[in-house]
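S.K.: Following the numbering used here, the numbering of the sequence shown begins with 1109 at its first residue and continues without gaps.
All C-beta atoms in this analysis are idealised placements derived from N, C-alpha and C, irrespective of residue type, glycine included.
Predicted model, so just to flag it, every value in this text is computed and none were measured.
Please see the structure below; I have some questions.
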Amino acid sequence: MSSALVFSCEKEIILDISPGEIDFVVEAWIYNGSGPLVTLSKQFSGYGTFNQATLADSLTVRDATITVNAIGGNVVQLVQQSLFDLPSDLLDQFLDANRIPRFFGQFAGQLAGFTLEQQLAFAEDVQDSTFIQYVNSLNFYIDTTNTLIGMGGIAYELNIEVDGKQLNALTTIPVKQDINFLSYTMSADYPNYAEVNVNLTVPNNFDAFVLLSNRRSDTTAFYIPDYFDGGLSDNGIYAGSGTIDLPLLRGYADNENPELSVIGLFEVGDEITLKWQNIDEATYNFWFSVFNDGGDTPFSSATKIQSNLNGGIGIWAGYNTSYTTITIQ
């Protein structure tokens, strides 16, 4: 799926769209050390609710004028690019956001040198053909000059002009408040399983919102949010606690059905990478509204998304990201 707004469950999402109105959907971010990445689509809907299937039918918007302004710094105009033109760091970010294994980047690289017709010749069935056409339809806006690189503590303004409408949003890449290290303790009750903890120091002025996910073992795995609360944490509640250990709970893919007794535990042999992302409050509120569905079940009540976009819906997010790895032996 092209957007992290497309979820694995059939949960309904309420968006305030007047009957017959075309609304623009934005999924955009900037990481520390990378340039911005923006996707823009449009959704035609009457007022009401729609689910995963209709979100997936959103139409890609091309030829928009998009700029990003580093407050107090430079302004860049983004350029339209295909998935095959993305630099490796932005491609990895896109894959992570959509829970796609990073090895897909190698597959995309192999397709890049072929025309669509040549790519379709590799398809073995209709599903392959549909996927190849889908990949070729993806459209991104990026800074091809590499003159705007995300930095912690800086605010960034996104401005979009499309079809006579203007959309804008402001986000901040927070100053990095990283962990100290990961540790693990073997489970006393379940051999070959271990509890993993995140060690961090929480000063009195600590006010960090965090989005965390973990990936297990090899490069075919993808990052999955921590088991509870979608991997979100308002670590400001621990302000002044000094150095503490917090549990890291294993995330699960949609097709995994772990035994209840070992939920959240990792296994011997797992190489675990924690993706720790400091985010601002607006980004936290957006993801909280997405994940706060009573356990991500198909029976949950509908969620009203808390977007930070003016003139559209979606998210413009700043991420100060770090990675820490540990192996259970």
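Among G1143, N1386, D1233, S1291, which has the Cα closest to the Cα of Y1427?
M.R.: As a first step, residue 1427 must be located in the sequence shown, where it is residue number 319. When only C-alpha atoms are compared, the closest one is N1386.
S.K.: Ignoring anything shorter than 3 residues, give me the beta strand (DSSP E) runs that lie fully in the segment 1252-1312, in order along the chain.
M.R.: Listed in chain order, they are 1262-1270, 1273-1281, 1289-1294, 1301-1310.
S.K.: What does a CB cutoff of less than 8 Å around A1216 pick up in its chain, not counting 5 residues either side in sequence?
M.R.: Stepping through the sequence shown from its first residue, residue 1216 is reached at position 108. If we look at A1216 and ignore the five residues flanking it on each side, its Cβ neighbours are L1191, F1192, L1199, V1243.
S.K.: What are the residues that DSSP puts in a beta bridge with E1367?
M.R.: For the purposes of this step, residue 1367 is identified with residue 259 of the sequence shown, where counting begins at 1. DSSP lists no partner for E1367.
S.K.: Report the three-state DSSP secondary structure of Y1139 (helix, strand or coil).
M.R.: Position 31 of the sequence shown, counting from 1, holds the residue named residue 1139. Here Y1139 sits in strand by DSSP.
S.K.: Roughly how many angstroms separate the alpha carbons of K1150 and I1421, rounded to a whole number?
M.R.: If you number the sequence shown from 1, residue 1150 lands on position 42. If you number the sequence shown from 1, residue 1421 lands on position 313. When rounded, the separation of the alpha-carbon atoms in K1150 and I1421 is 10 Å.
S.K.: Mind checking whether L1278 and P1144 have CB atoms under 8 Å apart?
M.R.: Taking the sequence shown and counting its residues from 1, one reaches residue 1278 at position 170. Taking the sequence shown and counting its residues from 1, one reaches residue 1144 at position 36. No, these two residues do not count as a Cβ contact at 8 Å.
S.K.: Anyone know if the C-beta pair for N1140 and G1260 falls short of 8 Å?
M.R.: Residue 1140 sits at position 32 when you count from the first residue of the sequence shown. Residue 1260 sits at position 152 when you count from the first residue of the sequence shown. Yes, they are a contact pair.
S.K.: Is it true that the CB of L1308 sits closer than 8 Å to the CB of I1352?
M.R.: Within the sequence shown, residue 1352 is the residue found at index 244, counting from 1. Within the sequence shown, residue 1308 is the residue found at index 200, counting from 1. It is a contact, given that the beta carbons lie within the stated cut-off.
S.K.: By Cβ distance below 8 Å, which residues in the same chain neighbour L1203 in space, the five residues on each side in sequence not counted?
M.R.: Taking the first residue of the sequence shown as position 1, residue 1203 is located at position 95. Taken in chain order, the residues that qualify are P1209, R1210, F1212, G1213, F1330.
S.K.: Once DSSP output is grouped into helix, strand and coil, what is the label at F1158?
M.R.: In the sequence shown, residue 1158 corresponds to position 50, counting from 1. Annotation note: pLDDT 43 at F1158 (below 50); position unreliable, coordinate value reported separately. F1158 falls in the strand class under three-state DSSP.
S.K.: At a Cβ threshold of 8 Å, is L1319 touching chain C?
M.R.: Absent here is chain C; the protein component of the structure consists of one chain.
S.K.: Which of the three DSSP states, helix, strand or coil, is assigned to Q1201?
M.R.: Residue mapping note: residue 1201 aligns to position 93 of the sequence shown, counting from 1. It is helical.
S.K.: What runs of the beta strand (DSSP E), each 3 residues or longer, lie entirely inside the segment 1182-1250?
M.R.: Given a length threshold of 3 residues, each whole run of the beta strand (DSSP E) inside the segment 1182-1250 is given here in chain order: 1183-1185, 1187-1189, 1248-1250.
S.K.: What residue does the alpha helix (DSSP H) around N1393 start on, and which one ends it?
M.R.: Counting from 1 along the sequence shown, the entry for residue 1393 is found at position 285. N1393 -> alpha helix (DSSP H) spans 1389-1399.
S.K.: Based on Cα-Cα distance, which residue from G1377, P1333, V1310 lies nearest to Q1285?
M.R.: Taking the sequence shown and counting its residues from 1, the one referred to as residue 1285 is at position 177. Comparing Cα positions, the closest option is V1310.
S.K.: May I ask you to report which of helix, strand or coil DSSP gives I1345?
M.R.: In the sequence shown, residue 1345 corresponds to position 237, counting from 1. The answer is helix: DSSP assigns I1345 an H, G or I state.
S.K.: Let me confirm a value: T1238 is counted as buried when at least 16 other C-beta atoms fall within 10 Å, else exposed. Which label applies?
M.R.: For the purposes of this step, residue 1238 is taken as residue 130 along the sequence shown, with counting starting at 1. Exposed.
S.K.: With a threshold of 7 Å, establish whether the CB of I1413 neighbours any heavy atom of the ligand GTP.
M.R.: This structure simply doesn't include the ligand GTP, nor any ligand for that matter.
S.K.: Would the beta-carbon of I1138 fall within 8 Å of that of G1258?
M.R.: Against the sequence shown, residue 1138 aligns to sequence position 30. Against the sequence shown, residue 1258 aligns to sequence position 150. Taking 8 Å as the Cβ cut-off, I1138 and G1258 qualify as a contacting pair.
S.K.: I'd like to know whether the C-beta atoms of G1348 and N1322 end up nearer to each other than 8 Å.
M.R.: The residue labelled residue 1348 in the question sits at position 240 within the sequence shown. The residue labelled residue 1322 in the question sits at position 214 within the sequence shown. Against a cut-off of 8 Å, the Cβ pair of N1322 and G1348 comes out as no contact.
S.K.: Check whether the Cβ atoms of Y1249 and L1186 sit closer than 8 Å, and answer yes or no.
M.R.: Here residue 1249 refers to the residue found at position 141 when the sequence shown is read from its first residue. Here residue 1186 refers to the residue found at position 78 when the sequence shown is read from its first residue. Contact annotation: Y1249 and L1186 have beta-carbon atoms nearer than 8 Å.
S.K.: Of the residues L1354, A1205, Y1298, D1378, which one's Cα is nearest the Cα of L1368?
M.R.: Looking up residue 1368 in the sequence shown gives position 260. Closest option to L1368, Cα to Cα, is Y1298.
S.K.: The beta strand (DSSP E) spanning I1421 covers which residue range?
M.R.: To locate residue 1421, count along the sequence shown from 1; it is residue 313. First-last of the beta strand (DSSP E) with I1421: 1421-1435.
S.K.: Going by DSSP in three states, G1377 sits in which element: helix, strand or coil?
M.R.: As a working note, residue 1377 is residue 269 in the sequence shown. It is coil, neither helix nor strand.
S.K.: How about D1271 and S1325: do their beta carbons lie closer than 8 Å?
M.R.: Taking the sequence shown and counting its residues from 1, one reaches residue 1271 at position 163. Taking the sequence shown and counting its residues from 1, one reaches residue 1325 at position 217. Cβ distance not < 8 Å, so D1271 and S1325 don't count as in contact.
S.K.: List the whole-angstrom C-beta distance separating T1317 from D1342, where the pair is believed to meet the contact cut-off of C-beta under 8 Å.
M.R.: Position 209 of the sequence shown, counting from 1, holds the residue named residue 1317. Position 234 of the sequence shown, counting from 1, holds the residue named residue 1342. The displayed chain sequence assigns Phe, not Thr, to residue 1317. Yes, they are in contact, since the Cβ atoms of F1317 and D1342 sit about 6 Å apart, within 8 Å.
S.K.: Whole-angstrom Cβ separation of L1354 and V1304, contact assumed at under 8 Å?
M.R.: Walking along the sequence shown from the start, residue 1354 turns up at place 246. Walking along the sequence shown from the start, residue 1304 turns up at place 196. With a Cβ gap of about 10 Å, L1354 and V1304 do not count as contacting.
S.K.: Rounding to the nearest angstrom, what Cα-Cα distance links Y1292 and D1197 in this structure?
M.R.: To locate residue 1292, count along the sequence shown from 1; it is residue 184. To locate residue 1197, count along the sequence shown from 1; it is residue 89. Their backbone Cα atoms lie some 30 Å apart in a straight line.
S.K.: Mapping DSSP to helix, strand and coil, what is G1350?
M.R.: On the sequence shown, position 242 is the one that residue 1350 refers to. Reduced to three states, the DSSP call for G1350 is strand.
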